Each structure stands twice: as structure tokens, then as C-alpha cells.
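Letter 191 of the sequence shown, counting from 1, is numbered 182 in my numbering, and no numbers are missing.
Backbone N, C-alpha and C fix where the C-beta goes; we use that ideal spot for every residue, glycine too.
As the structure is a computational prediction, the values presented were derived from the model and not from experiment.
See structure below.
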Amino acid sequence: MEILKETFRSLRSNKLRTFLSMLGIIIGVGAVMTIIAIGDGARQEINNTVSSLGSNIIMVTSTVYSRFASQPLEFQDAVDIKNMVPQVKDATGVLNSNLTVESAGETTSGSVFGVMPSFFDIMNLDIAYGRMLDETDEEELNSVAVIGSNIANELFGRQDVVGERINVIQSGNFGSRKVSFEIVGVLEKTGTRLIFNVDDMIILPHTVADYRLFHMNGRTSSIFVSAVDENSAQLATMGTDFYLYRKFGDSDKYSILSQDAILEAVNQITGIMNVILVGIAAISLVVGGIGIMNIMLVTVKERTREIGIKMAIGATRHRILMEFLVESIVLTVVAGIIGMILGGFLSGLIAYFGRAFGLTAVITWKSIALSFGVSAGIGLFFGIYPANQASKLSPIEALRYE
């Protein structure tokens, strides 16, 4: 307790120097905590989004996707998988491309999807206005579209736009062309599902999208499969894999991703990004730690005579070492607490203003404990040398020091 009193008395004696020596730690801890909060927020947001569909969604992608491929993935495969695998509830092929759309003089970009009617149930999408696509639209090649809420707002400034027309602009080697579609439905504002922003979608019957835009002759880039329920997901995955292996004869020509695999991959990627960003931010902590060590060495020099007096009246070397070590740790812990407050404030700002851009930040007890532990660790690591130097001073030489 006496050591703590002396520590705070010493820190208060030169407030400006104390603050400047803490600044690197404050900035470093604040940056690390904010980055961890952003990473945890992104991971939580993605996990919630993917989990919102349940764990019964399976994504199949082809590694030989081309209109000239000898063994392509086809929309008919989605029909066959549904019919041949008992654990599969529904399946749809998916054509997808980012294209420009326009209407009434307004232009925006969106994700154009060519799908089967089952796409809406598989993705758990709800209609705000109008209707979903149906089998009649597929069979009769109706040039109709269901659009996301962002597309409706950006092109028309309102949601109820059923009956309006949009032009999908497709660019090619011979210039661009416009393909017109009538809006028959507008989706509820949904956000992200799987890896797609539903609010930016333009959803077309796959037969129309293929014939008028993509010209893939029944081929597809991916198939979305939904199992009967979550308990059937593994058997549905195995059945889908068996079907595709029989078709391709080579498992390298396709890949199957369950939601668990998607979550694992996302968590792995965000984890790696977190480590890299935290590592960059931690550089300021190292710089701050070196600053603390320099200040403590200066303090030892300034208090050399005081150290000599303490030793002369009975203070042990261990007592002197602990006095300076505690001062270093207190300095970094106080800086760390201020840094945590700064990190919390910045994370709050990001959570409040970043939602419009899909950015959020979540502070967890893990990040608080880590920040506190790192602060104390820096004080201990960078304080050992100055404290050791102080404890090794000769009392006689210290008393002679001017």
C-alpha cells in the first residue's frame, strides 16, 4: 500500500510527462480494442445472418462453369437432386451477375439473379408488394422481375412499384443493350442472406434470364439446396454429393458448402484479418512501451539520490525494484483503462453511424480482459529493466549523485 501511495505521488509530481508517456499506450489500447470490436461485430453479424436461415441450406458450385463446358452444372440437376434425394425439400439453380439497371432516368447497380420459383422459399424471402415468381413465368418466358427494397428506392424513391418497368443494361463486345422487365413484386427489406444482399437483388425467372441475358443454354453457376429439416442436412449433403459424383465422376469439378462450412470459413477469415489488424495496431503499443521504459530510466536518474537515502535508512534492493516496477505497471494500466474508454467510445460511434454501411462493433469481456492484460504486461515487460537498474545502484554512489 505504501508503494502505491509513493507511485501515485511520483506520477502526480510531473503530470505532463506522465500523460505524454501514457499517450502511446492509450492510442494503442484504444486502436486494438476498436479493431477487435469491429471484428467481433462483423463475425456476429455474419453468424446471425447465416444462422437466420437455419442450418439446412447447402450451396453447390461448379468448378467447370462455362457455356462451353463438357460437363456443366445445369438447372435440370436441381430438379433431379430434389426428386432423387429424399432428404432434400427444394432446390434451385442460380445464375447471378452484377449489372446496371435503369428506370425513369434513374440508374443504379444491382445483383441480377436468374432462379427457379423455389428460390424464395429456400432463401426465406418475404414479399412486401405484389407477388413472387411462379412456374408460369418460367414456362411462358414472362419478362417479369421481383426487386429488392434498395433497388425500388434508388430507381423510384418508393416501395410500391408493382407494374413499373426497369431496363437491365448488359454490356458486351459490340456495345450495350437494354432488356426490359415488368416489376411484379418488391421484397421486404431483408439485408444479407448467405453472402448476398437481398435488398440489391433483381430476381428473374431463370428461363428468361438465360434466354435474354446470360445465354447459358440451361447451365448454371450454382445450385442452392434446402434439406427437409436441420436434422436431415447431413444426409441431404451426402445425397447431393452422391448425385454430383455420379454425374461428374470427379469431386474436384464441384464443391458443396453447408452453412456450418460457410460459418467456419467466415470465422477463419475474420479471425485472420483480426490478427493482422491487431498486429498492426500493436506496433503503437510496443512504441508506447519503449516510451515508458525511457521515462522510467529518466525517473531513475532523477531519483538516484532519493534511492541512495532510502537504501541508507534500510530499504532493500527488492523494495526499490518493486517500487519502480509497480510505478511502471500503474502507469500502463491507467493508460490502458483510458485507452479502453477511448476504444469503447470509438466502437459506440462505429456501431451507431456504421449501420447504414453494414458496419458494426461489439465490445466483449474478452476484449476488455485482453486490453487490461496487455496493458499490465507492457508495464511489467518494459519496467523490469529500469527497476532492475534502480535496485542495483550503490547506496554510496547514489548519495554522492548530484
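Residue 185 carries a coil assignment under DSSP once its states are collapsed to helix, strand and coil.
In this structure, the alpha-carbon of residue 95 lies about 38 angstroms from that of residue 51. Assignment of residue 357 by DSSP, reduced to helix, strand and coil, places it in the helix class.
Between the stretch 171 to 182 and the stretch 139 to 150 there are three or more inter-stretch CB-CB distances shorter than 8 angstroms, so the stretches are counted as touching.
According to the DSSP assignment, residue 82 belongs to the beta strand (DSSP E) that extends over 79 to 94. Residue ranges of uninterrupted beta strand (DSSP E) with 3 or more members, entirely inside the stretch 191 to 267 and ordered along the chain, are 192 to 196, 213 to 218 and 245 to 249.
When rounded, the separation of the alpha-carbon atoms in residue 79 and residue 332 is 50 angstroms. Between residue 19 and residue 273 the beta-carbon gap is near 7 angstroms, inside 8 angstroms, which marks them as a contact. For residue 378, same chain residues with a beta-carbon under 6 angstroms away, outside a window of 5 residues either side, are 312, 315 and 316 in chain order. Around the Cβ of residue 8, a 10 Å sphere holds fewer than 16 other Cβ atoms; the residue is exposed. With the rule of 3 Cβ pairs closer than 8 angstroms, the stretch 188 to 199 does not count as touching the stretch 217 to 229. Taking a 10 Å sphere around the C-beta of residue 303, we find fewer than 16 other C-beta atoms and assign the residue as exposed. Comparing alpha carbon positions, the residue from 356, 17, 37 and 357 closest to residue 187 is 37. For residue 338, there is no enclosing beta strand (DSSP E); the enclosing alpha helix (DSSP H) has its first and last residue at 308 to 344.
Around the C-beta of residue 26, 16 or more other C-beta atoms lie within 10 Å, and the residue is accordingly described as buried. Taking the CA atoms as reference points, residue 101 sits about 34 angstroms from residue 229. Excluding the 5 residues flanking it on each side, residue 382 has same chain C-beta neighbours closer than 6 angstroms at 308, 311 and 312, in chain order.
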